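Residues in the sequence shown are numbered from 2 upward in steps of one, following our numbering. Data block below; observations after.
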Amino acid sequence: MFHVSQLKKKVGDLVSSNPDLPRVRPDGQFLVYPVAVLERKLVKRHNSAVVQFLVQWSNAGPKDATWEDSSSFGQLTLRQAVLAMALKLEKEAVDHHVLMVAFSFQGHINPLLRLGKRLVSKGLNVTLATTEVAKHSMLKSFTTGDGDGSSSATTSSVSDIQLLFYSDGFDMNYDRKTNLDEYLENLGKVGPISFSKLIQEHYHDNQKKLSCIISNTFVPWVADVAAEHGIPCAMLWIQPCSLYAIYYRFYNNLNQFPTLENPDLSVELPGLPVLSTQDLPSFVLPSNTFESFTKLFTKLFTSMKKYNWVFANSFLEFEKEAIDSMSELCPILPVGPLVPPSLLGQDESLDIGIQLWKPEYTCLEWLNNQADSSVIYVSFGSLIDLSAKEMEAIATALKNSKHPFLWVVKEPDFPTADKSGEIPLGFSEETEKQGLMVSWSPQTKVLAHPAIACFLTHCGWNSTLETISAGVPVIAYPQWTDQPTNAKLVTDVVKIGVRLRPNSDGFVDSKEVEKCIGEIINGAKSEEYKKNALELKLATREAVTFGGSSDRNIQLFVDEITRV
């Protein structure tokens, strides 16, 4: 539902090219439509970008144009008629509610929140539901508005999005990350019961009827619950469309993939580059040991007919061929990048997200004192803990590079005996004038900083989209799941960086890291990487702007669920 105050503020901001608008007659006089015609046109388009349409109407003719009227509006100027009609439609509007369901990881919640924010801007009422365990960490970690770590979240809402929580059947101290197989197995049993109860409690009458439920990847049982309640269901795929195509074909046995008998088979799929075993997601390899993921993805990709829509946190200009390749099998609509809007050149007040670890904003002050395009930014996301040997190799390479660096070294969730994820002894003292280490960073602000030269990353999809949106070249160090394929896309397809390659022992040593740092910052192709990254950055902004490829897909969805 839109607000007349918003309309008044925006009136006159857009220039219309709509052929249905009033046109000048040959004698120079503007055509005059009866209000009944105006009303019919507006009602017809009410569920389609109504604010933009009304603004276009108000901008179409002279300020003193009047409308012949036999109704209660009387003789009104064009703008008066439009605003009066807007008020009338607002009073009569049907509230459309969308319930989004997220797995409790930060990388799953944030894309849904940002999609929700865009749906709110299109006039929908949006609620996000996730597990109780995420409640306390979420409410203390929301970043909105100026993004300085302050929060506008309450126990019931953040920004314009309502919050609801359901039980996953475990107590707060259970280690969900380490015991992920067991957790997913049990969530699949307890989650449907808890979530169904949530729907019954909060959406039991026609005054608050759900128009759609949108889930994400790790909660495929949501589609079954939605069907039981007679509610249309959509899915937000939070990885690139290329991964969606790979998984769909793998779990539906449509193409050949590596097997125990043929473990080194290269894979050729429509719309994708040739993929070696080093480029494929770990869950489709014969070496995959995560049985729970196999069960989850098998259930998901063999039951896609349960979803009325499938959205992707990607954008058309990035992987058009992969998107087109699925058009006949199971279409997917890119609606991204679902990153903070400020990273896309939009107002920072629109930013929304959670940070499960408190960012150290002092690193931005440190960056202010570094030269432009000089700093190596290093981070491996919220889930990856590198081994002590891997940490040693990166530390040695950073020190030998002589370049300033900002390294995010997250404190482990639980103590480890093998010192994984820890800085080598003495490294901090040896490099105190060269680099800075923090436990967590405000990553989107860091990537947008002019001092950043490149991003040494695990290529998790959220981090990859953020660096693409910021126009920063990449040094790819993928670990598992979707990351090898993401690395393939950014280094070999759109060519915005280089990839670390293991030696014959399967280990990435310090010399390899040093070599890639040199290639990306001052190598023969460094300017090409920067140019490609800048072009991709501009493409992200075009995709999400009004009328862009992703905005159009969101509008198509809004039009469909509000067509009553």
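Just so it is clear, CB atoms sit at the ideal spot from N, CA and C, and this is done for glycine as well. As the structure is a prediction and not an experimental result, all values here were calculated from the model.
Backbone CA spacing between residue i and residue j [nearest angstrom]
i, j, result
"M305", "L448", "36 Å"
"L437", "I555", "41 Å"
"Q257", "D265", "12 Å"
"K489", "K198", "43 Å"
"E412", "K307", "40 Å"
"S158", "L120", "15 Å"
"R502", "T465", "18 Å"
"I355", "P341", "11 Å"
"S328", "F316", "15 Å"
"L344", "N487", "20 Å"
"Q484", "F381", "11 Å"
"A323", "K300", "22 Å"
"D172", "T132", "11 Å"
"A103", "L165", "11 Å"
"H205", "H230", "10 Å"
"T541", "V495", "13 Å"
"S326", "P332", "9 Å"
"L125", "A135", "24 Å"
"T280", "C517", "Note that residue 280 is Asp in the sequence shown, not Thr. One C-alpha to the other measures close to 18 Å."
"T482", "A398", "26 Å"
"P274", "Y248", "15 Å"
"E423", "A454", "24 Å"
"F456", "P360", "18 Å"
"V545", "E431", "44 Å"
"G148", "E349", "Confidence is the limiting factor: at G148 the pLDDT is only 48, short of 50, which leaves the residue's position unreliable, though a coordinate-based value still follows. For G148 and E349, the distance between alpha carbons rounds to 8 Å."
"N254", "N369", "52 Å"
Residues near residue i by beta carbon distance below 7 Å, same chain, minus five either side
i, result
"P425", "M392, E393 and A396"
"G192", "D169, V220 and W222"
"S429", "M438"
"L237", "P112, L113, L116, I215, N217, F312 and N314"
"K321", "none"
"G29", "Summary for G29: the model assigns pLDDT 37, below 50, so the residue's position carries little reliability; its value from the coordinates is reported in the next sentence. If we look at G29 and ignore the five residues flanking it on each side, it has no Cβ neighbours."
Assigned exposure category for residue i - 16 Cβ within 10 Å defines buried
i, result
"Q444", "buried"
"Q201", "exposed"
"Q371", "buried"
"L250", "A small fix is needed here, since residue 250 is Arg in this sequence, not Leu. By the 10 Å Cβ count, R250 comes out buried."
"S283", "buried"
"D352", "buried"
"V56", "For V56, the pLDDT reaches just 44, beneath the cut-off of 50, and the residue's location in the model is therefore unreliable, leaving the point undetermined."
"K434", "exposed"
"H97", "buried"
"F319", "buried"
"V409", "buried"
"I562", "buried"
"K190", "exposed"
"L211", "buried"
"L334", "buried"
Contacting residues, own chain, Cβ-Cβ under 8 Å from residue i (five flanking each side not counted)
i, result
"W367", "L407 and L437"
"K390", "F508"
"S527", "P474, E520 and I521"
"A235", "C213, I214, I215, S216, Y308, N309, W310, V311, F312 and F558"
"Y252", "F298, T299, L301, F302 and T303"
Cutoff 8 Å: residue i Cβ touching any chain C Cβ
i, result
"E361", "Given the protein chain composition of this structure (a single chain), no chain C is represented."
Range of the contiguous beta strand (DSSP E) that encloses residue i
i, result
"Q163", "I162 to Y167"
"L407", "F406 to V409"
"S216", "L211 to N217"
"H98", "H98 to V102"
"G436", "G436 to V439"
"W238", "C234 to W238"
"F284", "Element bounds for F284: n/a, residue is neither H nor E."
"I453", "I453 to T458"
"Y378", "V376 to S380"
Proximal residues to residue i (C-beta, below 6 Å), its chain only, five neighbours per side dropped
i, result
"I497", "P474, V475, V491, Y530, N533 and A534"
"S195", "Y167 and S168"
"S161", "Note on identity: in this sequence residue 161 is Asp, with Ser being the wrong assignment. These residues qualify, in order along the chain: V121."
"S277", "S267"
"G549", "E543"
"S383", "Q107"
"L1", "Residue 1 lies beyond the stretch modelled for the chain, which goes from 2 to 565, so this question has no answer here."
"N463", "G108"
"G472", "A534, L535 and K538"
Residue span of the alpha helix (DSSP H) that contains residue i, given as start and end
i, result
"N256", "Premise fails: N256 is in no alpha helix (DSSP H) and is neither H nor E."
"R542", "S527 to V545"
"C517", "S511 to N523"
"C364", "T363 to N369"
Touch check for the segment 267–278 and the segment 231–246: three-plus C-beta pairs under 8 Å? yes
Does the segment 286–296 come close enough to the segment 173–186 to have 3 or more Cβ pairs within less than 8 Å? yes
Touching by the beta-carbon criterion (3+ pairs, under 8 Å), the segment 507–525 and the segment 309–316: no
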